[in-house]
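*Asks:* Residue numbers (our numbering): 250 to 467.
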Amino acid sequence: MPAAFHLRHLLISTGSQKWPHAIEKDEGSLASLIAEKRHEFPLRSKMAKAGILISNTTLPSSETCDVSSALLFPDNLYISEIPHSETEQFLETLLEENDEIRAIKLKENFGARDNTADVWLVCGHAERDARCGDIGPLILSEMDEVKSRESDDARDTKTALISHIGGHAFAGNVILFSGENGSSSWFGRVRPEHIQGLVKEWKDGRIVKELYRGSFAE
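In structure tokens:
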């Protein structure tokens, strides 16, 4: 059961889970501004080829009005200052094909820095699908429990809900991102009771095949 094809994943920190059915319909948000720009020529053709998936998360948002923050994988960057007035420039930077140049520009112009935290996300997009809205918070609660039990782990961990990912039939949809190398692992039909074992296997470099849906570009 493969996940949708994409090469990079931009995770916008919103600090909220009150997203409309389509996140690009949230007027004034970074997701909506990106949606407007990505359909304009010449960005339209570039975005189509770039394979960038854009999602909202409940990770804490920027405290500055009209400025957003986000994580970018597999680049493994935390981008702290994305002024909404510079959305087009930000997209042009994301579309830079050279990984090293892209990272330099994001750090110079948008306050990006290397991310070192693992990021565990579960779909909780209730306006998109009630099943995700029901099970997402339960899985997130279990993630937080597992994280607290492993507080002596040397690696920091962030947990959050994410907007629509995967098919509704696969709820709960979970993505685990590595702060060590920026890789991702997608899982479907996850239940709260799966989380402890799923995370343990993942940290040990193994995959629970029955739940696995893929990774970047698979």
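The C-beta atom is built at its ideal place from N, Cα and C for all residues, glycine as well.
#1: Would you identify the three-state DSSP class for C314, choosing helix, strand or coil?
#2: Give a yes or no on whether the C-beta atoms belonging to I272 and S412 are separated by under 8 Å.
#3: Starting from the C-beta of D405, find all residues in its chain whose C-beta is less than 6 Å away, skip the five residues before and the five after it, and write them out in chain order.
#4: Rounded to whole angstroms, what's the CA-CA distance from R438 to E341? Just pull it up for me.
#5: Give the DSSP-derived three-state secondary structure of V448 in the structure shown.
#6: Quick one: what does DSSP say D393 is sitting in, helix, strand or coil?
#7: Helix or strand or just coil, what does DSSP make of T336?
#8: Going residue by residue through the segment 357–383, where are the continuous beta strand (DSSP E) segments of at least 3 residues, counting only ones entirely within it?
#9: Are there 16 or more other CB atoms within 10 angstroms of the CB of N347, so buried, or fewer, so exposed?
#10: Using beta-carbon positions only, say whether I353 and T306 come within less than 8 Å of one another.
#11: Buried or exposed: where does S304 fall if 16 or more other Cβ atoms within 10 Å of its Cβ makes it buried?
#12: On the CB-based measure, 16 or more other CB atoms within 10 Å of its CB, does R455 come out buried or exposed?
#13: My assumption, with CB atoms under 8 Å, is that G373 sits in contact with L425. Please give the rounded CB distance.
#14: Between which two residues does the beta strand (DSSP E) holding K407 run?
#15: Under 8 Å between the Cβ atoms of N358 and L320?
#16: Taking DSSP's pairing of strands, which residues face V224 in a bridge?
#17: Buried or exposed, going by whether 16 or more other CB atoms sit within 10 Å of the CB of C314?
#18: Just confirm the distance between the C-beta atoms of I328 and L355, as a whole number of angstroms; I'd bet it's less than 8 Å.
*Replies:* Looking at the coordinates:
#1: Coil.
#2: Closer than 8 Å, so yes.
#3: Once the five neighbours on either side are set aside, the close Cβ partners of D405 are A366.
#4: About 36 Å.
#5: Assignment of V448 by DSSP, reduced to helix, strand and coil, places it in the helix class.
#6: D393 falls in the helix class under three-state DSSP.
#7: It is helical.
#8: Counting only runs of 3 or more, we get 361–363, 367–372.
#9: Residue environment for N347: exposed (fewer than 16 other C-beta atoms within 10 angstroms of its C-beta).
#10: No, the Cβ-Cβ distance between I353 and T306 is not below 8 Å.
#11: S304 should be labelled buried.
#12: So R455 counts as exposed.
#13: Actually they do not touch by this definition, with Cβ atoms about 16 Å apart.
#14: Where K407 is concerned, the enclosing beta strand (DSSP E) stretches over 406–411.
#15: With respect to the 8 Å criterion, N358 and L320 are not classified as neighbours on the basis of their beta carbons.
#16: Since the first residue shown for the chain is 250 and the last is 467, residue 224 is missing from the structure and cannot be characterised.
#17: Exposed is the label assigned to C314, since fewer than 16 other Cβ atoms lie within 10 Å of its Cβ.
#18: About 6 Å separates the beta carbon of I328 from that of L355, a gap short enough to meet the 8 Å contact definition.
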